[in-house]
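Chemist: Here's a structure for you.
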Amino acid sequence: MSAISDILALAQPLVDDDPKTLAQTELDAAYECVDALVKTRPDDKEMLAEDQETWVGVWEQSLINLRACLLAARALGIHAVVRPHIAEGMAESQPFAARWTTEIASRRQEMERQEREERDREARERVAREQVESAAVEENHGQQDGGDSAPSKQGERIEDGSGQTDEKVVEDGDSDKAESAPPAIKSTTSREGSSTSGVRLAYVQVPARAKRSRIILDDDEDEEDEDPRPVKKTTGGPPIVTHKTRCKACADRSEPCRGPEGRTCFVCAKLKIKCNKSPGRTRAQKAAEEEIVADRKGKGNAAARPTRVRREVEDPIELVDTEEEEHQKKVPRTKTQPKEQVAASIQDTGVRAVKRLEAKILKNQARMKASEAEMADMGAEVESQRVELDAIKRALGMNKLYVRSAPDSEWMVSDNVRRVSYAFEVNV
1 MSAISDILAL
11 AQPLVDDDPK
21 TLAQTELDAA
31 YECVDALVKT
41 RPDDKEMLAE
51 DQETWVGVWE
61 QSLINLRACL
71 LAARALGIHA
81 VVRPHIAEGM
91 AESQPFAARW
101 TTEIASRRQE
111 MERQEREERD
121 REARERVARE
131 QVESAAVEEN
141 HGQQDGGDSA
151 PSKQGERIED
161 GSGQTDEKVV
171 EDGDSDKAES
181 APPAIKSTTS
191 REGSSTSGVR
201 LAYVQVPARA
211 KRSRIILDDD
221 EDEEDEDPRP
231 VKKTTGGPPI
241 VTHKTRCKAC
251 ADRSEPCRGP
261 EGRTCFVCAK
271 LKIKCNKSPG
281 RTRAQKAAEE
291 EIVADRKGKG
301 NAAARPTRVR
311 REVEDPIELV
321 DTEEEEHQKK
331 VPRTKTQPKE
341 QVAASIQDTG
351 VRAVKRLEAK
361 ILKNQARMKA
371 SEAEMADMGA
381 EVESQRVELD
391 AIKRALGMNK
401 LYVRSAPDSE
411 WMVSDNVRRV
421 SYAFEVNV
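Sequential numbering of the sequence shown, starting at 1, is according to UniProt numbering.
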């Protein structure tokens with residue numbers, strides 16, 4: 001390693017002394033930098049606006065550097081020609097750079113306009129707030145000045161000879177609005193009869209509110225307990241009564257059976273089921289009730305329950321179509337179970353997780369783009385160093401080096417030493 005450092009130290013003054021070599025080296029480095037930028041150009045997407053702005057800045061600086069190197073090389077008499085692949089990349093990237101530059105300028109103008117509008121809005125709000133505060137202060141001063149003047153028509157204080165004061169208030173205006181009288185002067189009388197006025201007494205006259213009649217409508221469906229008061233009968237339908245014999249639904253719920261006479265009770269109407277108090281019963285139900293007779297076997301304290309008694313019929317009973325339809329029982333339709341829905345809390349948690357992952361992905365993509373730009377800069381720097389190294393090798397006559405492609409392979413001579421591991425053989 002010491003021999004290599006000595007060789008590089010000896011080769012350094014040669015580059016500094018030769019301006020043409022230095023200009024050519026700088027020109028090659030500028031070409032490599034522009035080529036690296038062409039290869040690392042970001043995609044034309046709106047979400048990559050920051051990367052595009054960074055790339056445009058580096059692109060403009062690289063073009064300025066390349067132009068300066070070309071002018072320096074021509075001044076020294078070097079025939080500088082742009083490489084074909086670099087010229088194609090520049091022609092392909094220049095439209096993107098121009099359009100992105102325009103978009104960046106428009107975005108900056110929009111941001112400046114929004115900032116100006118925000119400052120103007122804050123200034124207007126501040127001025128309006130100051131005006132409101134000044135108006136409130138002036139109104140307060142006006143009320144204080146009015147208290148020192150003579151009493152107005154709305155309120156008068158009369159002082160008699162005994163030192164006592166009587167107050168008269170004249171009511172004007174609408175009775176629904178509260179009227180306020182200006183502050184009056186409270187007079188104090190001494191025993192000698194001399195009166196001094198210096199204490200202010202403010203009072204507000206509040207008129208009585210107008211009486212309003214209020215009508216409360218009771219919802220019969222929500223009444224569950226029996227009202228002991230007499231129920232007013234309506235003229236538009238049957239009267240509301242409390243049935244002594246409760247229907248099946250009210251008996252199961254231990255609730256009073258109330259409703260229009262001869263119609264469905266309130267509980268059955270609310271549940272939308274058939275009520276025994278409704279006259280619209282089927283013939284089958286009426287026949288079944290007629291067949292129910294009291295059983296005489298009931299004994300003891302408990303009352304005997306009605307039981308069904310079989311009756312023997314000699315002749316067969318023929319049923320017509322209408323009776324068959326009446327005897328047919330309605331089969332209740334099975335309700336389809338709704339699909340299980342995801343709970344709201346679980347759904348909110350999933351939405352938050354999705355948004356968090358999307359934000360992480362965008363952040364990682366931005367970091368990848370930044371790393372790619374950094375790698376491009378490093379590649380350009382490496383290329384410039386490589387060009388400088390080639391110039392030093394050419395100056396020292398080290399174009400051909402002994403290299404090997406693998407640790408166990410034999411030594412061989414090669415001019416291209418960029419993609420293989422190489423080792424120097426120095427004879428001391």
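Using N, Cα and C, we set each Cβ at its ideal position, and we do this for glycine too.
#1: How about THR40 and ALA366: do their beta carbons lie closer than 8 Å?
#2: Under DSSP, the alpha helix (DSSP H) around ILE78 begins and ends at which residues?
#3: Express the C-alpha separation of PHE96 and LYS45 in angstroms, rounding to a whole number.
#4: Could you spell out the range, first to last residue, of the alpha helix (DSSP H) harbouring GLY350?
#5: So what's ILE240 in DSSP terms, helix, strand or just coil?
#6: In terms of residue numbering, what span does the alpha helix (DSSP H) encompassing PRO19 cover?
#7: Would LEU27 and ALA87 qualify as a contact pair, given that the criterion is a beta-carbon distance under 8 Å?
#8: If you count every other CB in all the chains shown that lies within 10 Å of the CB of ASP51, and 16 or more means buried, which is it?
#9: Whose C-beta lies closer than 8 Å to the C-beta of ASP348 among residues of the same chain, with five residues either side of it excluded?
#10: With ARG258 as the anchor, note down where its beta strand (DSSP E) starts and where it stops.
#11: Determine the extent of the alpha helix (DSSP H) in which LEU48 is found, giving its start and end residues.
#12: So with Cβ pairs under 8 Å, would you call ASP35 a contact of chain D?
#13: Below 6 Å CB to CB, which residues in the same chain sit around THR25 once its five sequence neighbours on both sides are set aside?
#14: Alpha carbons only, please: which of ALA49, THR21, ALA23, THR54 is nearest the one belonging to GLU374?
#15: Quick check: VAL56 and ILE104, are their CB atoms within less than 8 Å of each other?
#16: Among HIS243, LYS270, ALA249, PRO238, which has the Cα closest to the Cα of PRO260?
#17: How close, in whole Å, do the beta carbons of ALA380 and ALA36 come, if the pair is a contact with beta carbons under 8 Å?
#18: In three-state terms, what does DSSP make of THR54?
#19: Less than 7 Å between C-beta atoms, sequence neighbours within five positions excluded: which residues of the same chain meet that for GLU372?
#20: Excluding the 5 residues flanking LYS275 on each side, which residues of the same chain have their C-beta closer than 6 Å to its C-beta?
#21: Measuring only the C-alpha atoms, how far is SER152 from ALA128?
#22: Hey, LYS20 and LEU76: beta-carbon distance below 8 Å or not?
#23: What's the gap between the Cα of PRO256 and the Cα of GLY262?
#24: Using 8 Å as the threshold, is the C-beta distance between GLU383 and GLU60 below it?
Modeler: Taking the definition as stated:
#1: The answer is no: Cβ separation not under 8 Å.
#2: For ILE78, there is no enclosing alpha helix (DSSP H), as DSSP marks it with neither H nor E.
#3: Near 11 Å, if we compare the C-alpha coordinates of PHE96 and LYS45.
#4: Start and end: 344-396.
#5: Collapsing the DSSP output to three states places ILE240 in a strand.
#6: For PRO19, the enclosing alpha helix (DSSP H) begins and ends at 19-39.
#7: Going by C-beta atoms, LEU27 is not nearer than 8 Å to ALA87.
#8: Buried, by the Cβ-count rule.
#9: No residues qualify anywhere along the chain.
#10: The continuous beta strand (DSSP E) containing ARG258 extends over residues 258-260.
#11: Looking at the DSSP string, LEU48 is not in any alpha helix (DSSP H), and its letter there is neither H nor E.
#12: Note that chain D does not occur in the displayed structure, where there is just one protein chain.
#13: Only VAL387, GLU388, ALA391 meet the Cβ criterion.
#14: Selection ALA49, THR21, ALA23, THR54 evaluated against GLU374 yields THR54 as nearest (Cα-Cα).
#15: Yes. Within cutoff.
#16: Checking every option, the nearest Cα to that of PRO260 belongs to PRO238.
#17: The Cβ separation is near 5 Å, so the contact holds.
#18: Note: THR54 maps to helix in three-state DSSP.
#19: Closer than 7 Å at Cβ, skipping near neighbours: THR40.
#20: The identity of residue 275 in the sequence shown is Cys, whereas the question assumes Lys. Answer for CYS275: CYS247, THR264, CYS265, CYS268, listed in chain order.
#21: Bear in mind that a pLDDT of 44 at SER152, under 50, signals an unreliable position, so the number given afterwards is only what the model happens to contain. About 33 Å.
#22: Pairing LYS20 with LEU76 gives a Cβ-Cβ distance under 8 Å.
#23: Taking the straight line joining both Cα atoms gives about 16 Å.
#24: Not a contact, by the Cβ cut-off of 8 Å.
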